[in-house]
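Participant: In the numbering used here, the protein residues as written are 299 to 412.
The beta carbon of each residue, even a glycine, is placed where N, CA and C say it ideally should be.
Nothing here was measured: the structure is a model prediction, and the numbers come from that model.
Structure below; questions to follow.
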C-alpha cells in the first residue's frame, strides 16, 4: 500500500499518522509512505515499523544529492514551486548539489527557517 499526506503538521498530519498506526496493526504487507516528510519523520516511520519504505518527492527535485545530504545531515535546498510543471528544465535539472554551492549559499541553507 502507498499512503501519503498533504499536511506535515498539526491535526491532519497527526490524524493520518494515527490511521497508519491502526492500519499497520492488521495489515502486514508493505507500506510506502510519502508526502511532506523530513528525515526525522521518515526515520520515525521506519523505526516504529509503520512504513517499510519512505519516499521523497519535492526534496528530491531540489536536491540532486538528496541521499548524500540526508546521510550527512546537510540542509536541503527548498524547491521553487513556481517552476513546477513549467514545461522547461528550469526547476528540475538546474539545482546544484551541496558541494557545488558556494560557501555563502551553503551558509544560507544552514540559516533558513524550518
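(1) Here's the rule I'm using: 16 or more other beta-carbon atoms within 10 Å means buried, otherwise exposed. How should residue 397 be labelled?
(2) Once DSSP output is grouped into helix, strand and coil, what is the label at residue 410?
(3) Tell me the rounded alpha-carbon separation between residue 310 and residue 319.
(4) At the level of alpha carbons, what is the spacing between residue 326 and residue 349?
(5) Under the three-state reduction of DSSP, which class applies to residue 342: helix, strand or coil?
Facilitator: So, to answer that:
(1) exposed
(2) coil
(3) Because the pLDDT of residue 310 is 47, which lies under 50, any placement of that residue in the model is unreliable, and the question is left without a value.
(4) 10 Å
(5) helix
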